[in-house]
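Following: one structure in structure tokens, then a few remarks.
2 protein chains.
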Amino acid sequence: MINKLVKKIKKTKAPIVVGLDPMLSYIPEQVQTKAFLEYGETLEGAAEAIWQFNKEIVDKIYDLVPAVKPQIAMYEQFGIPGLAAFKKTVDYCKSKDLVVIGDIKRGDIGSTSAAYAVGHLGKVKVGSREFRPFDEDFATVNPYLGSDGVQPFIKVCQEEKKGLFILVKTSNPSSGEFQDRLIDGRPLYEHVGEKVAQWGEACMGEDYSYIGAVVGATYPEMGKILRKVMPKAYILVPGYGAQGGQGKDLVPFFDQDGLGAIVNSSRGIIAAYKQEAYAKFGAEHFGDAARAAVEFMREDIQSALEGKAV
Amino acid sequence: MINKLVKKIKKTKAPIVVGLDPMLSYIPEQVQTKAFLEYGETLEGAAEAIWQFNKEIVDKIYDLVPAVKPQIAMYEQFGIPGLAAFKKTVDYCKSKDLVVIGDIKRGDIGSTSAAYAVGHLGKVKVGSREFRPFDEDFATVNPYLGSDGVQPFIKVCQEEKKGLFILVKTSNPSSGEFQDRLIDGRPLYEHVGEKVAQWGEACMGEDYSYIGAVVGATYPEMGKILRKVMPKAYILVPGYGAQGGQGKDLVPFFDQDGLGAIVNSSRGIIAAYKQEAYAKFGAEHFGDAARAAVEFMREDIQSALEGKAV
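Structure follows, in structure tokens:
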């Protein structure tokens, strides 16, 4: 799957993943109203609004980008109907040949991580049959529990040719509280990065490992160091746009050839119609606004990367 | 909710939480067969088997213990039907007046943690209405992202009078890989423990804070230190029984009066009928075996705690 991701990044010239994190407040009135008319102001109604919103966004951007990243929390908050909309979204994106990164940030002790791994990336057995309950292509994983919490995910990835992005340095303001603390003179995130590199050695695709890392766009200096600590890890970079990261901040996360990183934007794309720059589209054409925002982001990143090459 | 938990622990004399982590391999043949006859060998069939198994266990133990802890991964691995069985289990346990600790180990950046918090502990808005999607009483939370990943959970707990158990030192063998690394001369878990104590100050119940901690039974020496670092935090102690912890190992987690900690056992109780000690019950009477295992565990802990008092 890492090979497919890299191939699609080369083809689209867009190292971009669109975060499908649909808060209800992002979803235009007309989409919500229609869903509520059909299902009422219920969890089912919210789930229908999310699904219709996602579908329109995906239809408008699937040819421009290699991947999407639904954030499961935004679905889970609407209970079972919300999670059904998550699954529907995963399936629809895959039918459009998008690589789907499940942003689930799971992580537990061994046997429990194994359950998450089969549920999200693999197959679960029921009697004599097997099912793929969520079936994302990649998943994000929290490393706090150490190797035996991560290994069950790696095992499933090896079997299924799928992949992980492991939290190393997150994009939020207080990520440094624990992640930046010095251990033997180097911050915790570097130690985690080293483990990611180790774990990834047994999981090589053509040029990159399918065990990648999450490093926030909001910390470019740390990205520069981590790029070296984990030379074969693809880096998933959240925090562009709404969280404050800009094209020029992204350069350190990439290798010289413009590969090695994929940048996430969620609100900046899916709720682009709410920004002044895209207001001309109006809430009616929120999908076209999202498309325009992807095109802008692609330019922003490409020109920053070309600046690097010069 | 922390007051209710403490009150129920005093009443039952059992600082025990039963982990409802039903792997299919724990569920007796006759329960599986019946579920598969009705729903086929499908995710729905697995979910029905889990639900019927849980119901029998809960019916047999609800008067003996204060709380249960369903591990959501064991349900999530069966997709949407599995998660529906999780919700059904939460509701049923609450109808039996059990305190329900959702072992979800979520944790993300602020806005995303907020979505998990409302989904699991609070209310989510849909149009003009509000819903409680999962509605557990407590949730477990991963601290790797720092304060702004935890605060949204705390906010919902303050509004709802609910609570958290934050991962400090986990019970698994490789938990030390990051958690034990020294920062300014003290291990990471102590620094996390200090934060838990700080976060908990603004969240006091009668005697304990409703912001608690997870510390594995497999590390009693660390439990002793953490008991002092977080004097007002209730400690949820996994790792008893199947993971290797014994009654005598638990003493350091408790205060002198036998409060301050609650010990989880999952497999050791729900799959007790598979152990030699409870084989006489047979798979037919797995619920009675679970009840006997709870009674043994209560004795084991009480005599260890009395040994402490002497």
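Sequences listed follow chains A and B, in order.
Position one of the first sequence corresponds to residue 1 (my numbering), numbered consecutively onward.
Position one of the second sequence corresponds to residue 1001 (my numbering), numbered consecutively onward.
The C-beta atom is built at its ideal place from N, Cα and C for all residues, glycine as well.
In this text the structure is predicted, and so the values were computed from the model without any measurement.
If you reduce the DSSP assignment to three classes, tell me which class residue i lands in.
i: B/Phe1134; result: coil
i: B/Thr1170; result: coil
i: A/Val310; result: Low confidence applies here, because A/Val310 scores a pLDDT of 39, under 50, leaving its location unreliable and the question unanswered by this model.
i: B/Leu1020; result: strand
i: A/Asn3; result: helix
i: B/Tyr1039; result: helix
i: B/Gln1077; result: coil
i: A/Ala115; result: helix
i: A/Gly163; result: strand
i: B/Ala1290; result: helix
i: A/Gln302; result: helix
i: A/Leu64; result: coil
i: B/Asn1142; result: coil
i: B/Ile1183; result: strand
If contacts are defined as beta-carbon pairs under 8 Å, then residue i and residue j qualify, I think. What distance do you get, rounded to the angstrom?
i: A/Ile211; j: A/Gly223; result: Actually they are not in contact, since the Cβ atoms of A/Ile211 and A/Gly223 sit about 18 Å apart, beyond 8 Å.
i: B/Val1031; j: B/Gln1052; result: 5 Å
i: A/Arg291; j: A/Ile61; result: 6 Å
i: B/Gly1247; j: B/Ser1303; result: 7 Å
i: B/Ser1171; j: B/Pro1238; result: 5 Å
i: B/Phe1165; j: B/Phe1134; result: Not really, about 16 Å apart at Cβ, beyond 8 Å.
i: B/Ala963; j: B/Gly1193; result: Here chain B comprises residues numbered 1001 to 1310, so residue 963 of chain B is not present and cannot be evaluated.
i: A/Tyr144; j: B/Tyr1144; result: 4 Å
i: A/Ala84; j: A/Ala47; result: 6 Å
i: B/Val1065; j: B/Val1294; result: 6 Å
Taking all protein chains shown into account, decide if residue i is buried (16 or more other Cβ within 10 angstroms of its Cβ) or exposed.
i: A/Pro220; result: buried
i: B/Glu1076; result: buried
i: B/Lys1011; result: exposed
i: B/Ile1057; result: buried
i: A/Arg267; result: buried
i: A/Leu182; result: exposed
i: B/Leu1037; result: exposed
i: A/Gly185; result: exposed
i: B/Pro1231; result: exposed
i: A/Asp108; result: buried
i: B/Ala1309; result: Low confidence applies to B/Ala1309: its pLDDT is 48, below 50, so where it sits in the model is not reliable enough to give any reading.
i: B/Asp1063; result: exposed
i: B/Glu1136; result: buried
i: B/Val1243; result: The sequence given here has Gln at residue 1243 of chain B, not Val. Buried: at least 16 other Cβ atoms inside 10 Å.
i: A/Ser95; result: exposed
i: B/Asp1103; result: buried
i: B/Glu1306; result: exposed
i: A/Gln179; result: buried
List the residues of chain B that residue i touches, going by C-beta distances under 8 Å, in chain order.
i: A/Glu41; result: Val1126, Gly1127, Ser1128 and Arg1129
i: A/His191; result: Phe1178 and Arg1181
i: A/Phe281; result: Neighbours of A/Phe281 on chain B: none; closest Cβ ~24 Å, over 8 Å.
At 7 Å on the CB atoms, spell out the chain B contacts of residue i, in chain order.
i: A/Leu145; result: Thr1170, Asn1172 and Ser1175
i: A/Asn142; result: Gly1107, Asn1142 and Tyr1144
i: A/Ala46; result: Val1126
i: A/Gly149; result: Asn1172
Residues of chain A with CB under 8 Å from residue i, in chain order?
i: B/Met1074; result: Thr112 and Ala115
i: B/Phe1253; result: Within 8 Å Cβ-Cβ: nothing; B/Phe1253 doesn't reach chain A, min ~18 Å.
i: B/Gly1119; result: Ala73, Glu76, Gln77, Phe78, Gly79 and Gly82
Terminal residues of the continuous alpha helix (DSSP H) containing residue i?
i: B/Pro1220; result: Pro1220 to Val1229
i: B/Lys1248; result: Gly1247 to Leu1250
i: A/Pro152; result: Ser147 to Glu160
i: B/Lys1123; result: It is not in any alpha helix (DSSP H) - B/Lys1123 carries neither H nor E in the DSSP assignment.
i: A/Ala197; result: Leu188 to Glu201
i: A/Gly205; result: Segment: none, A/Gly205 is in no alpha helix (DSSP H) and carries neither H nor E.
i: A/Gln179; result: Gly176 to Gln179
Give the interface partners of residue i over in chain A, defined as CB-CB distance under 9 Å, in chain order.
i: B/Pro1028; result: Near B/Pro1028 there are no residues of chain A at all, since even the closest Cβ is about 14 Å away, more than 9 Å.
Going by DSSP, what residue range makes up the beta strand (DSSP E) through residue i?
i: B/Ala1214; result: At residue 1214 of chain B the sequence reads Val, which differs from the Ala that was named. Here the beta strand (DSSP E) through B/Val1214 covers Ser1209 to Val1215.
i: A/Gly258; result: Neither: A/Gly258 is in no beta strand (DSSP E) and is coded neither H nor E.
i: A/Arg267; result: Note, A/Arg267: premise wrong, no beta strand (DSSP E); alpha helix (DSSP H) at Arg267 to Ile270.
i: B/Gly1102; result: Val1099 to Arg1106
i: A/Ala67; result: Ala67 to Pro70
i: B/Ile1235; result: Ala1233 to Val1237
Just the chain A side, please: which residues come within less than 7 Å of residue i by C-beta, in chain order?
i: B/Phe1036; result: Gly127
I want to verify the contact list: residues of chain B whose CB lies under 9 Å from the CB of residue i, in sequence order.
i: A/Lys87; result: Gly1079 and Ile1080
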